[in-house]
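Those protein sequence lines, which keep their order, are chains A and B. For the first sequence, numbering that gives the first Met the number 0 begins at 0 and goes up steadily by one. For the second sequence, numbering that gives the first Met the number 0 begins at 0 and goes up steadily by one. Heads up, the beta-carbon is just placed ideally off N, CA and C, and yes, glycines get one too. Computed from a prediction, not measured in an experiment: that's the story for all the values here.
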Amino acid sequence: MTSGKDLSERALGALLLAPAAALLLVIVVYPIATLFWNSLHAVDNANPAAGETFVAFANYARAFDDERFWRSTWNTVLYVVVTVPGALVVGLALALLANLPFRIKWPVRLGLLLPWALPLVFAGLIFRWFFEYRTGVVNDWLGRLGVEPLQWLSSPTLAFIAISIAIVWKASSFMALILLAGLQTIPRSLYEAAEVDGATRWQQFWEITLPMLAPSIFVALIFRTITAVQTFDIPFAMTGGGPGDSTETLAMYIYKTTLDFLDFGYGSALAALMFLLSLIATSAYLRHTNRA
Amino acid sequence: MKTWKTLTAATIGVVLAASAMGAWAQQTTLRIFTGGQQRPDVMRKIADEYQKRNPNVKVDVEVGGATSEAQQQYLSTVLSSKDSVLDVILIDVIRPAQWAAQGWAEPLDAYLGADKPKILAQYLKAYVDADQVNGKLIALPYFADAQFLYYRKDLLEKYKRPVPKTWDEMMETARIVMEGEKNPQMQGFSTAGAPIEGTVCTYLVPLWGAGSELTKGGKLNLDTPAAREPFQLYGRMKQAGVLPKNIAEIPTDRIRIDMQAGNLLFAMTWSYVWNRLENDADSKVKGKIGVTMLPHDKGGASATCIGGWQLAVSAFSKNKAEAVKFARWLSSPEVSKMQAILASHMPVFPAVFKDSEVLKANPWFADALPVVEGAKSRPVTAQYPQVSDVIRGNMNAYLAGTKTTDVALNDMKSRLAPFLR
Numbered sequence: 000m001t002s003g004k005d006l007s008e009r010a011l012g013a014l015l016l017a018p019a020a021a022l023l024l025v026i027v028v029y030p031i032a033t034l035f036w037n038s039l040h041a042v043d044n045a046n047p048a049a050g051e052t053f054v055a056f057a058n059y060a061r062a063f064d065d066e067r068f069w070r071s072t073w074n075t076v077l078y079v080v081v082t083v084p085g086a087l088v089v090g091l092a093l094a095l096l097a098n099l100p101f102r103i104k105w106p107v108r109l110g111l112l113l114p115w116a117l118p119l120v121f122a123g124l125i126f127r128w129f130f131e132y133r134t135g136v137v138n139d140w141l142g143r144l145g146v147e148p149l150q151w152l153s154s155p156t157l158a159f160i161a162i163s164i165a166i167v168w169k170a171s172s173f174m175a176l177i178l179l180a181g182l183q184t185i186p187r188s189l190y191e192a193a194e195v196d197g198a199t200r201w202q203q204f205w206e207i208t209l210p211m212l213a214p215s216i217f218v219a220l221i222f223r224t225i226t227a228v229q230t231f232d233i234p235f236a237m238t239g240g241g242p243g244d245s246t247e248t249l250a251m252y253i254y255k256t257t258l259d260f261l262d263f264g265y266g267s268a269l270a271a272l273m274f275l276l277s278l279i280a281t282s283a284y285l286r287h288t289n290r291a
Numbered sequence: 000m001k002t003w004k005t006l007t008a009a010t011i012g013v014v015l016a017a018s019a020m021g022a023w024a025q026q027t028t029l030r031i032f033t034g035g036q037q038r039p040d041v042m043r044k045i046a047d048e049y050q051k052r053n054p055n056v057k058v059d060v061e062v063g064g065a066t067s068e069a070q071q072q073y074l075s076t077v078l079s080s081k082d083s084v085l086d087v088i089l090i091d092v093i094r095p096a097q098w099a100a101q102g103w104a105e106p107l108d109a110y111l112g113a114d115k116p117k118i119l120a121q122y123l124k125a126y127v128d129a130d131q132v133n134g135k136l137i138a139l140p141y142f143a144d145a146q147f148l149y150y151r152k153d154l155l156e157k158y159k160r161p162v163p164k165t166w167d168e169m170m171e172t173a174r175i176v177m178e179g180e181k182n183p184q185m186q187g188f189s190t191a192g193a194p195i196e197g198t199v200c201t202y203l204v205p206l207w208g209a210g211s212e213l214t215k216g217g218k219l220n221l222d223t224p225a226a227r228e229p230f231q232l233y234g235r236m237k238q239a240g241v242l243p244k245n246i247a248e249i250p251t252d253r254i255r256i257d258m259q260a261g262n263l264l265f266a267m268t269w270s271y272v273w274n275r276l277e278n279d280a281d282s283k284v285k286g287k288i289g290v291t292m293l294p295h296d297k298g299g300a301s302a303t304c305i306g307g308w309q310l311a312v313s314a315f316s317k318n319k320a321e322a323v324k325f326a327r328w329l330s331s332p333e334v335s336k337m338q339a340i341l342a343s344h345m346p347v348f349p350a351v352f353k354d355s356e357v358l359k360a361n362p363w364f365a366d367a368l369p370v371v372e373g374a375k376s377r378p379v380t381a382q383y384p385q386v387s388d389v390i391r392g393n394m395n396a397y398l399a400g401t402k403t404t405d406v407a408l409n410d411m412k413s414r415l416a417p418f419l420r
């Protein structure tokens, strides 16, 4: 009797879960499976009417011999290495600032939210104007300081710096939002106790704020790292990958391969490799949080 | 009594609804796609005229990206998914080969029927060639285009310099004018240098001007001394300070903006610029601009890139018959003339170049016809996006100073080889 009841309860449970499972199947599993399946096929672009042929892992082998794949991957790794810590430091500073006991809180909170609410490509366009050679505000400031104007977007190094600044500006507000939420869960009593014990502000930050904030920092880092691996909009709007293809990221190369060159098989293989890169980049954090 | 009234009201209601639905059923909505650079405002005016003459058709104008490749990226997503949302699509002259291979365009031969040879004979030959792929008519010409040398008439007169025939002459004049004007904003010569489609022509024009071709008998032909000439020409211009320092960041419309602000002496650009320079409220150079053939090397001949926009009917349109009818009207001498007057878009019919009203709006069209007739095509291949990416990327890197002539040329050769065997 009890087993029968169990079964019907299980059946009910399965029934209730079915819509969610079906939805996940359609919007997550199906596209991923299609992508992987596509990555095992190739189409002759000169003669697309001939249809797709199964090529097993040839597209992946092609990526390993593709200089442009390695360059765009390297650029992506550089953006991760520079903008993830950059956004963390700036975001933490902003969060600490916003957590100060202001009388009126909303202008500060709004200021934090605005860059995050702005579409990425707008941010890219705005920064492109900032760094424009003749009419940009950055060269205007440099001119006032007596420095010759720089060709920000015509040099691979300067363009990388300009793009990184734009990404850090854009990403740190999201970092700050997560960290601010974390900061507000730290009980005031801890600081009061520390003050009674004679701890300095700096000691309070290192001994209370940072350790208590660690879980929020990890969450923020994972989010930022995944989006950094997918960096697309800001360099797309600022340089279009130029000069040459020296600021091109992996996501931009995938976009070009699929939508410009219509090479869906190779583009899918590159996308699968980018997924692998995300996995590697975030697995380090996950292992750390699992241990903790 | 009351029932009778209700019944009448109901009957009237049903009749009204039915007739409304009948009218609605006859009404066709066509959606035409045009790029932001191809004067969507003028397209709207032309579409309004069509609606007036064809009350059963409503035309929506959808405006896409500013550059040819941004438009194509959007269109690729729409058409790869066989979406029927677009009926008529304005495409760049470089696209028909790819569109034919992908099966995105409805072949128009059957719609023209037996009249096809007669109809096509009226157009400029270059466009009839460009729009037919393997004997199939993929698109109809909308407007013609080519690159010209725009120059400041007033400044050439002031410094008593002739309109330049060679690149060297142009550089010398630019140097003299820039020295004399003492305006730090003044630039000598500008052309597209950003990694965009127009930059392909930035490479090809001096190559052709040196008497060479990108391909010879279908094979890549970059082992000639002439293949180095474009790099060396812009290198010399850069050294002489004639090119803008940020040339590698200049997209097509920036050239027009700089010229319109009075900060540019010479420019290599397309026909739409004329109308903006002469008619825009903020133009500082009204009446001061001349347009002529592009310069060439000493001993060479002037060459230019053929441009222009074509009307394709989507293979996935649900109103193909109406769409073809609309496209054929857009590709008529009448609309060619409207465009020439409203937007300085070059006509696709030789006869319209000689129209007195067209010449009044664009006096330089008098000499432009032979230039368009002699304009050369960018490589014709279904894999044009890949070819374009290699040429513009290397030209851009050279202009930015990140690649030398040798590196840029070698990269170009090795990366073009798979596509232009």
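- An exposed status is given to A/Trp128, since fewer than 16 other beta-carbon atoms sit within 10 Å of its beta-carbon.
- For the C-beta of B/Pro194, the chain A residues within less than 7 Å are, from N- to C-terminus, Gly239, Gly240 and Gly241.
- By DSSP's assignment, B/Ile31 forms a beta bridge with B/Val60 and B/Val87.
- With a threshold of 16 other beta carbon atoms within 10 Å, B/Gln309 meets it and is buried.
- The alpha carbon of B/Ala239 has as its nearest neighbour, out of B/Asn220, B/Ile175 and B/Lys164, the alpha carbon of B/Ile175.
- B/Val379 sits in coil when the DSSP states are folded into three classes, being neither helix nor strand.
- Where B/Gly234 is concerned, the enclosing alpha helix (DSSP H) starts and stops at Glu228 to Gln238.
- Between the segment 51-62 of chain A and the segment 259-273 of chain A there are three or more C-beta pairs closer than 8 Å, enough to call the two in contact.
- In terms of Cβ geometry, A/Phe260 and B/Pro384 form a close pair [threshold 7 Å].
- Between the C-alpha atoms of A/Phe159 and A/Phe231 there is a straight-line separation of about 13 Å.
- Per DSSP, B/Met185 lies in no alpha helix (DSSP H) and is assigned neither H nor E.
- In the three-state reduction of the DSSP assignment, B/Lys135 falls in the strand class.
- Of the residues assessed, A/Gly145 falls on the exposed side of the cut-off, its CB having fewer than 16 other CB atoms within 10 angstroms.
- Proximity of B/Gly392 to chain A, defined by a Cβ-Cβ separation below 7 Å, is satisfied.
- The alpha helix (DSSP H) runs lying completely inside the segment 111-180 of chain B and spanning 4 residues or more are 115-120, 124-130, 152-157 and 166-180, given in chain order.
- In the three-state scheme derived from DSSP, where H, G and I count as helix and E and B as strand, B/Met267 is classed as strand.
- According to the DSSP assignment, B/Gln309 belongs to no alpha helix (DSSP H) but to the beta strand (DSSP E) extending over Ile305 to Val312.
- Taking B/Trp166 as reference, the option from B/Ser313, B/Arg43, B/Met267 and B/Ser282 with the minimal CA-CA separation is B/Met267.
- DSSP, reduced to helix, strand and coil, places A/Met174 within a helical segment of the structure shown.
- For B/Ser75, the nearest CB of chain A lies under 7 Å from its own CB, placing it at the interface with that chain.
- For A/Phe260, there is no enclosing alpha helix (DSSP H), as DSSP marks it with neither H nor E.
- Comparing alpha carbon positions, the residue from A/Asp244, A/Gly241, A/Gln202 and A/Ala175 closest to A/Val218 is A/Ala175.
- Counting only unbroken stretches of 4 or more residues, the alpha helix (DSSP H) elements lying wholly within the segment 11-43 of chain A are 29-38, in sequence order.
- Interface annotation for the segment 126-143 of chain A against chain B: Glu131, Tyr132 and Arg133, criterion Cβ-Cβ distance under 8 Å.
- Chain order gives the chain B residues near A/Leu152 as Glu248, where near means a beta carbon separation below 7 Å.
- B/Lys57 and B/Ala322 have their C-alpha atoms roughly 11 Å apart.
- At a Cβ-Cβ threshold of 7 Å, A/Gly123 and A/Met251 do not count as neighbours.
- Against B/Lys244, the close residues of chain A are Tyr132, Arg133, Pro148, Gln150 and Ser153, in the order they occur along the chain (beta-carbon pairs closer than 9 Å).
- Counting only residues of its own chain and dropping the five nearest sequence neighbours on each side, A/Thr33 has no CB closer than 6 Å to any other CB.
- The residue from B/Phe315, B/Asn182, B/Ile288 and B/Asp144 with its alpha-carbon nearest to that of B/Pro369 is B/Asp144.
- According to the DSSP assignment, B/Gly289 belongs to the beta strand (DSSP E) that extends over Ile288 to Thr291.
- Look at A/Leu149 here: in three-state DSSP terms it is coil, with no helix or strand label.
- When C-beta distances to chain B are compared with 9 Å, the residues of the segment 238-268 of chain A below that value are Thr238, Gly239, Gly240, Gly241, Pro242, Gly243, Asp244, Ser245, Tyr254, Lys255, Thr257, Leu258, Asp259, Phe260, Leu261, Asp262 and Phe263, in chain order.
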